Each structure stands twice: as C-alpha cells, then as structure tokens.
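> Handing you this structure, nothing more for now.
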Amino acid sequence: MLSTSLKPNGKWRLDESYSEEKGREPVTLRYDRLVLATGSQLIHPSIPGVVNIFDIDTLSTAVALDNHLHQLPRRAPSEGQYTAVVVGAGFTGIEIAAELGERIRAIAATDRSAETVRVVLVDRAKVVGPELGDAPRPYIESALSELKVETRLGRTVSSAGPDHVVLSDGERIPTATIVWTAGMSASPLTEQIPGERDRFGRLLVDEYLRVDGVPDVYAAGDTAAGLADDGHTTIQSCQHAQPIGKYAGHNVAADLIGSSLLKFTPDPYSNALDLGPAGALTTLGWDRAVESTGSEAKTTKQNINTKWIYPPVDSAAALLSQAGKFSNG
1 MLSTSLKPNG KWRLDESYSE EKGREPVTLR YDRLVLATGS QLIHPSIPGV VNIFDIDTLS
61 TAVALDNHLH QLPRRAPSEG QYTAVVVGAG FTGIEIAAEL GERIRAIAAT DRSAETVRVV
121 LVDRAKVVGP ELGDAPRPYI ESALSELKVE TRLGRTVSSA GPDHVVLSDG ERIPTATIVW
181 TAGMSASPLT EQIPGERDRF GRLLVDEYLR VDGVPDVYAA GDTAAGLADD GHTTIQSCQH
241 AQPIGKYAGH NVAADLIGSS LLKFTPDPYS NALDLGPAGA LTTLGWDRAV ESTGSEAKTT
301 KQNINTKWIY PPVDSAAALL SQAGKFSNG
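Start counting the sequence shown at 1; every next residue gets the next number (the UniProt record's numbering).
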C-alpha cells in the first residue's frame, strides 16, 4: 500500500492509498498513532541539455545503469564512449567512482577498448568527501589515485549533451555515462506534517522519536532527525535507520497501551567506506578516526552489505529474537 498524502481531520488520516487487492482505488485509514518511515530520495538535478542521467538511489535505477554500461560496446565508437562522469564526491560518489573503472574496463575489453576507460569525479567542494572529515581523506585520495579516478573539485556541471558534459570552468568532457549522487532529501510526505524540518527535509523528533509538536506521529529512518551520540544528529544511513526503526516500533506500541517509552540511544557512530579494488576503510567516532583499512575493512563492509543490514524474514522465531536488540549489533 502506497501513501500519497496525509491530511488532518481532527486526528491525522492516511489518504489516497492504493492496494494491490483493490487496484488504484483511494481509501482512507484512520489511526491513533502514525510512524512515518518513508525514507529519502535523491535530489535530481536540473541541468540544461541533459538527455539521460543515471543514479543508484534505488534497485531499479542501479539496474538501469548496469544495463546501460553493458550496452556501451554496441554504440557507435566515440571519444567518450567508455568515460563515466560521477557528480558528487560524497560517500556514494566515492564508492561508485571506485567501482566503475574495473566494471567498465571489463565491458570495454570485449570491444578491445579497455585502455580508453576514464572515470571522472566532480564536486563543488574543494576536497573529496567533505562530510567524511579530514582523517580518512589521505586514504581516499590514495585509493582514487591508485584506481586512476580523475577528480574535478571546486566545480559543478553547468550543461550536458548526449555525448558530453560541460563544467563550470568551461571544461568539456566527452562521456556516454553521467552518474548523479549529489544530494538527498527526506520523503515529501514529511512536508504534510506540521513539524519543524532540517535542511534535508527530515522531521525533528524528541528522544522518543515523536515529531516535535505532533506527539501522535513518530518519525523513523531517513525521515527523522534524531539525537545521536555525543550531541550529534542522526545521519541518513543504515547506521541509524535500523535502530531508529526498532525504537520507533517499540515506542508506538508502548504508547498505545500506556507503557513506558524508551529513549533512543544508538551505538557510537562508525562508518565503512568501500573503495572498490583499492580496498575499504572503516572509521570510528564523529571525528572519523581511521580504525581499519585494506582487507580487514573490506570484510567488514561486505558483511554490512550482505548480512548485517538484512533482518530475518523467513522465520518468525528469528524475527522475534530481534525484538530486544535495540543497538546495531
């Protein structure tokens, strides 16, 4: 069931939803409490001349990018046929840029063009990973250099065509592949709840994850701006989204039966960044002190992506065993 709007009617109500059983028939569901956990989405750019731009924000868009890459050998030969321009040198941009070179080279090899592959990482900031802090940057820069990822920092994309992009300094880069990773915003449904929002559109919540000023509505995951450890605000990642979901689920149920609510207390902040064939790195704390690199960090990142972020779905007993685990462990 997909919610398309939230409207007040004494209490709030869920309106204009659609179910597989009834098809596209509007229904109204009243509630006593609401948990809004509709996630976030990529902010799509408005760039003059853009014909096709890719992202990896969802499974379907990632598949579309992969399909596009595998079609490159069928295109008419051109200067930028095997050049990828990644816009946004944040967490996602660094990871996709680190992976693309090897992937495109394997595809280009079928066309005997592996030596023509280029990956160019563009960001308006003057450093890569500005939000990742200073400590891990030397490792990131070294990895990008090892992978022959070119950087264009302090610049933006001003226009684009079907076979090129033009940067804000006038540089024209021939390319058949533009990948956009710059900017996220919370679900637009947050705009229909009369609470204060942060610059990402997330609803500000109290220590129990209730929306400030709207106590019958809880926010979780990427729709919530909650208090993390050391006075910081939660970030839009599985690091905080998973435990927020557990706390919100517990608290809304406890609220309905008049039981005690639990204060949201996530584990100390940590991070894991994949650097493709160049390895990975993990950091600990909000100053992003480097904890591990190389194969050790790679194993941690792979475990996160393939095991730890997935709740059990095929066993009721296994699912219920998660009920008491409010940390990320």
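Glycine is no exception: its CB is placed at the ideal position from the N, C-alpha and C atoms.
Just so you know, these numbers come straight off a predicted model, no measurement behind them.
#1: For Met1, does the three-state DSSP call read helix, strand or coil?
#2: I need the straight-line Cα distance from Gly245 to Val35, nearest angstrom please.
#3: Kindly indicate which residue of Ala297, Thr92, Tyr218 has the alpha-carbon position closest to the one of Tyr31.
#4: Spell out the partners DSSP gives Phe264 in its beta bridges.
#5: Which complete beta strand (DSSP E) runs does the region 153-235 hold, if anything under 3 residues is left out?
#6: Pull up the distance between the alpha-carbon of Asp229 and that of Ala241, whole angstroms please.
#7: Please go through the same chain and pick out, in chain order, the residues whose beta-carbon is closer than 6 Å to the beta-carbon of Gly161, but skip the five residues on each side of it.
#8: Use the C-beta contact count for Ser187: other C-beta atoms within 10 angstroms, 16 or more gives buried, fewer gives exposed.
#9: Closest Cβ-Cβ distance between Gly231 and chain B: below 8 Å?
#10: How many angstroms separate the CA atom of Asn67 from the CA atom of Pro73?
#11: Under a Cβ-count criterion, where at least 16 other Cβ atoms within 10 Å of its own Cβ denotes burial, should Gln71 be classed as buried or exposed?
#12: Rounded to a whole number of angstroms, what is the C-alpha to C-alpha distance between Leu320 and Trp308?
#13: Just to confirm my understanding: we take Ala108, look at its own chain, exclude 5 residues before and 5 after, and list those with CB closer than 6 Å. What are they?
#14: Could you check whether the region 89-108 touches the region 119-126, counting it as contact only if at least three pairs of C-beta atoms, one from each stretch, sit closer than 8 Å?
#15: Excluding sequence positions up to five away, which residues of its chain have a Cβ less than 6 Å from the Cβ of Ile47?
#16: Tell whether a beta-carbon distance below 8 Å holds between Val214 and Gly195.
#17: I'd like the span of the alpha helix (DSSP H) that includes Glu291, first residue to last.
Let's see:
#1: Residue placement at Met1 is flagged as unreliable, the pLDDT there being 48, under the threshold of 50; a coordinate-derived value is accordingly withheld.
#2: 9 Å
#3: Tyr218
#4: BP columns for Phe264 are empty, so no partner.
#5: 157-161, 164-167, 172-174, 177-180, 184-186, 214-219
#6: 14 Å
#7: Gly49
#8: buried
#9: This model lacks chain B altogether, as it is built from one protein chain only.
#10: 12 Å
#11: exposed
#12: 16 Å
#13: Tyr82, Ala114, Val117
#14: yes
#15: Val157, Ala160
#16: yes
#17: Counting along the chain, Glu291 falls outside any alpha helix (DSSP H), though it belongs to the beta strand (DSSP E) covering 289-293.
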